[in-house]
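Q:
In the numbering used here, the protein residues as written are 2 to 127.
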């Protein structure tokens with residue numbers, strides 16, 4: 002969890018009042034896009050609750066270049082409650098040659114979705 006809390010971007014990133022920033026972000030959630038979950042489930046995830054209390058000072062760093070060197074496929078489910086799409090976009094921006102594929106309606110286990118599997122096949126065979 003230490004690496005995740007340090008490396009991932011949360012709604013409270015750079016804000017002094019984390020709880021208020023989280024509540025503001027939760028209020029902006031579209032409940033229809035969270036199905037089969039609800040807003041309360043999204044807010045009470047273990048990762049959110051654990052990292053909410055994590056030290057604000059960053060303990061890990063990125064390499065000086067801050068970019069991934071290999072060709073990269075970033076596969077993301079549009080209904081992923083664990084990893085916001087902004088995180089995938091950030092990874093894409095910091096990669097040299099990355100392709101972001103968002104699978105509509107899929108969640109965190111997007112690699113189990115046949116459309117996600119097809120995206121991986123197409124990427125590897127390209």
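We put the CB at the ideal spot given by N, CA and C, even for glycine. Note that the coordinates shown come from a computational prediction; the quantities given were computed from them, not determined experimentally.
(1) Apart from the five residues on each side of it in sequence, which residues of its chain come closer than 8 Å, Cβ to Cβ, to residue 86?
(2) Taking the continuous alpha helix (DSSP H) assigned at residue 45, which residues delimit it?
(3) If the criterion is Cβ atoms closer than 8 Å, does the pair residue 5 and residue 13 meet it?
(4) From the DSSP output, which residues share a beta bridge with residue 77?
(5) Can you check which of these residues, 74, 83, 46, is closest to residue 139 by C-alpha distance?
(6) In chain order, what residues of the same chain lie with their CB nearer than 6 Å to the CB of residue 101, ignoring the 5 residues before and after it?
(7) Which term fits residue 45, buried or exposed, when burial requires 16 or more other beta carbons within 10 angstroms of its beta carbon?
(8) With a CB to CB cut of under 8 Å and the five nearest residues on each side skipped, what residues in its chain are close to residue 106?
(9) Determine the direct distance from the alpha carbon of residue 30 to that of residue 56, and round the result to whole angstroms.
A: Reading it off the structure:
(1) Residue numbering aside, residue 86 sits at position 85 when the chain shown is read from its first letter. Result list for residue 86: 77, 79, 103, in chain order.
(2) For this step, residue 45 is matched to residue 44 along the chain shown. First-last for residue 45: undefined, no H or E at that position.
(3) Against the chain shown, residue 5 aligns to sequence position 4. Against the chain shown, residue 13 aligns to sequence position 12. Cβ atoms of residue 5 and residue 13: not closer than 8 Å.
(4) In the chain shown, counting from the first residue as 1, residue 77 sits at position 76. Answer is 103, bridged to residue 77.
(5) Examination of residue 139 is not possible in this model, given that the chain is present from 2 through 127 alone.
(6) By one-based count along the chain shown, residue 101 stands at place 100. These residues qualify, in order along the chain: 75, 89, 93.
(7) The residue you call residue 45 lines up with position 44 of the chain shown. Residue 45 is exposed by the Cβ-count criterion.
(8) For the purposes of this step, residue 106 is taken as residue 105 along the chain shown, with counting starting at 1. Around residue 106: 78, 79, 80.
(9) Numbered from 1 along the chain shown, position 55 holds the residue referred to as residue 56. Numbered from 1 along the chain shown, position 29 holds the residue referred to as residue 30. Straight-line Cα distance between these residues: approximately 25 Å.
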